[in-house]
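Chains as they are written, first to last, in this note's numbering: chain H, 1105 to 1216; chain R, 1029 to 1142. Glycine included, every Cβ here is placed at the ideal spot set by N, Cα and C.
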Amino acid sequence: GQQVMQIPQYQHVQEGEDFTTYCNSSTTLSNIQWYKQRPGGHPVFLIQLVKSGEVKKQKRLTFQFGEAKKNSSLHITATQTTDVGTYFCAGLTSGGSYIPTFGRGTSLIVHP
Amino acid sequence: SAVISQKPSRDICQRGTSLTIQCQVDSQVTMMFWYRQQPGQSLTLIATANQGSEATYESGFVIDKFPISRPNLTFSTLTVSNMSPEDSSIYLCSVFSLRGNEQFFGPGTRLTVL
């Protein structure tokens, strides 16, 4: 079945440093979504990428979808303590299930 | 967006017992999804609950262990049967947006089995 690999599993940063999490799929994706889960909370949708090579920005967050539509990244510039949480990617396979497969998630810890 | 509530928010149960988790959505939806999230892990889909038909279970999950009801378009229940400590997890229900481009999650039910 489809697998979505996400690295790193954990990332410690000092406040103000940048952070990146990467997502790779074994198969071509029709789209990829990103979610944030705060400690003790539930996943909250951030964004969806659909087009090959697509780049979207939300304030300090930059999302990219690879040209081959098999990988994606989320980059946070100048992290803040409010960025703490686990970031999940969720990929949807072309012609496959209509339910996205979630990556393992990257837990971001920001030290003040 | 969809607003989802779950009951209970948390529970501590003895092994061998069963717990039924309720999920209520503020709008009518065709499909509702049940996920399990073990500590520090990702979201694993248990089953898809469709109104008027039996739930569709993912590999590794069976109806006898996780019976699901879907009596109408805004409500579903998941029962965790004959619980063991390995069932300790967060259980989340979810629905898709109308456009199908994002998922909304309930606040989750944190289950501890002793």
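- Residues of chain H whose Cβ lies closer than 7 Å to the Cβ of GLN1131 (chain R) are, in chain order, PHE1149.
- By the beta-carbon neighbour count (other beta carbons within 10 angstroms, threshold 16), ARG1064 (chain R) is buried.
- The continuous stretches of beta strand (DSSP E) do not include PHE1094 (chain R), and DSSP gives it neither H nor E.
- Against SER1070 (chain R), the close residues of chain H are PHE1192, PHE1206, GLY1207, ARG1208 and GLY1209, in the order they occur along the chain (beta-carbon pairs closer than 7 Å).
- Under the Cβ distance rule, GLN1137 (chain H) counts among the residues neighbouring chain R, one pair being separated by less than 9 Å.
- Taking each of H:THR1132, H:LEU1212, H:GLY1209 and H:ILE1180 in turn and checking the Cα distance to LYS1161 (chain H), the smallest one comes out for H:ILE1180.
- The beta-carbon of THR1058 (chain R) is placed no less than 9 Å from the nearest beta-carbon of chain H.
- For PRO1036 (chain R), the secondary structure class from DSSP, reduced to helix, strand or coil, is coil.
- The Cβ-Cβ distance between LEU1101 (chain R) and ILE1074 (chain R) does not fall below 9 Å.
- Secondary structure of THR1102 (chain R) (DSSP, three-state): coil.
- Between the segment 1125-1132 of chain H and the segment 1181-1200 of chain H, the count of C-beta pairs closer than 8 Å reaches three or more; the two stretches touch.
- At least one C-beta of chain H is nearer than 9 Å to the C-beta of PHE1061 (chain R).
- Counting along the chain, the unbroken beta strand (DSSP E) around TYR1126 (chain H) starts and ends at 1123-1129.
- Counting only residues of its own chain and dropping the five nearest sequence neighbours on each side, GLN1042 (chain R) has a CB closer than 7 Å to the CB of LEU1142.
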